[in-house]
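Going down the list, the sequences are from chains A and B. 1 is the number of the first residue of the first sequence in this note's numbering; add one for each residue after it. 266 is the number of the first residue of the second sequence in this note's numbering; add one for each residue after it. The beta carbon of each residue, even a glycine, is placed where N, CA and C say it ideally should be. If you're wondering where the values come from, they're calculated on a predicted model, not measured in any experiment. The structure appears below as structure tokens.
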Amino acid sequence: SNYLFDGNNEVHPSFIHRRLRTHEKREMQKEILSILGLPHRPRPHLSHGKYNSAPLFMLDLYNTISSEEKNEVEGMLEQYQSMYTTQGPRLAKHQENAFLNDADMVMSFVNLVEYDRELSPHRMHHKEFKFNLSQIPEGEAVTASELRLYKECANQVVINETLLLSVYQVVQEHPNREADLFLLESRRLWAAEEGWLEFDILATSNLWVMSPHYNLGLQIRVETSSGRSISSKEAGLVGRDGGLEKQPFMVAFFKVSEVHIRTAR
Amino acid sequence: STNKRNKNRNRATQPQEGGSRGPSPADYNSSDHNTACRRHELYVSFRELGWQDWIIAPEGYAANYCGGECVFPLNAHMNATNHAIVQTLVHLMNPENVPKPCCAATKLHAISVLYFDDNSNVILKKYKNMVVRACGCH
């Protein structure tokens, strides 16, 4: 009830001394949704009622930005860097700090692919990712974009191996054969390595935003040093059946490229 | 014009009759902090609006508002513009035609809001001019 009181802890004479009525609450909701630029109140579906990795990562970013807004001190960058933790999702590096400070909006996207593909031994194991970018407001330009995967210690069978993890953009899908792929990045990893892996997908994200029909998703493939294809699970990459706080997600930083004028309600 | 200025100067120094020109400068208590233009606290609670399922943070924010009078003489703490200082004096001389300056926000800050959309994607966005940081007469 502290909103009733002025700075001297006295009730301002013009203030409403009661809880909002139903229609007043509805008016407040409509007006604030209009300020937030939302056509209606979102109805998200949260699994288990808990936050998974994407909201946890975004909450870290929020706390950083909020601290900067409160203190407005240049030295907040050091505080942001000090929040780097191995416990949860990795925070941005120096370059990403700049993107965060400059961004008007940050969005994280959940992977829409429910189940990892079970393939015959003749075909390459791969893990698929698809993200719905249709809700990005018009006029927002992507300034940075990453795919984030959590890797646990690999299966004992390959524990002593060096793995090659490759991230591909799906260029064209075919019903009866492998999709056409474009290699974005390959990275060598120790099988025993653990932690978050970040892959730059800025160019791909920009393409998807500009031309949504090209949004066919991503694939990752893992091979051993001898060229044998292994499943992402064998490699230790966390999927749907893994911990909520280790789920893969995509994060993108945006800068507004045009001014939106809110029309009167 | 010079004629009007002279008339107003004479009226300002002479005792008022019938109150048609309003109270004289001496009647205003410049140290009356309770009625002076200043910032007041106002908290907007997203939780009270029943939004805790889709807004992750914050639970609410201190929007504040400006309220109070901008009357002669404007004190330093009222953050008055030079123009407002002049306008209060003109209002004193000619209240029917010249209003008092407005008590309004002179400094506004943004807040960041973290929320889910319908697809359970998470958005972190900064919204400008959401919080009153300072009020002033202008």
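- Contact with chain B is found for S108/A, since one of that chain's Cβ atoms lies less than 7 Å from the residue's Cβ.
- Between the stretch 338 to 354 of chain B and the stretch 311 to 321 of chain B, the count of C-beta pairs closer than 8 Å stays below three; the two stretches do not touch.
- In this structure, the alpha-carbon of P366/B lies about 13 Å from that of N340/B.
- A straight line joining the alpha-carbon of C153/A with that of F57/A spans about 22 Å.
- The criterion of a C-beta distance shorter than 7 Å is satisfied by G217/A and V170/A.
- Below the 8 Å Cβ cutoff, chain B contributes S377, L389, K391 as neighbours of I65/A, in chain order.
- The contact set of L314/B on chain A, defined by CB atoms closer than 9 Å, consists of L20, K25, M28, Q29, I32 in chain order.
- Chain-order list of chain A residues neighbouring Y380/B: L36, L38, P42, P44, by C-beta distance under 9 Å.
- Comparing alpha carbon positions, the residue from R26/A, L149/A, L165/A, M210/A closest to G139/A is M210/A.
- In the assembly as shown, D60/A is a buried residue. Its beta-carbon has 16 or more other beta-carbons within 10 Å.
- Burial is judged here by how many other beta carbons sit within 10 angstroms of a residue's own beta carbon; L112/A has fewer than 16 and is exposed.
- Residue-level contact check: P212/A does not touch chain B, since none of the beta carbons of chain B fall below 7 Å from its beta carbon.
- Of all residues in the stretch 146 to 173 of chain A, none comes within less than 7 Å of chain B when Cβ atoms are compared.
- Per the coordinates, the alpha-carbon of C331/B lies some 20 Å from the alpha-carbon of Y392/B.
- Residue nearest to A203/A within the set L147/A, E245/A, N101/A is L147/A (criterion: CA-CA distance).
- Contacts with chain B at 7 Å (Cβ-Cβ) include A54/A.
- Taking 7 Å as the CB threshold, A349/B stays off the interface with chain A.
- The continuous stretches of beta strand (DSSP E) do not include S205/A, which lies in the alpha helix (DSSP H) extending over residues 202 to 210.
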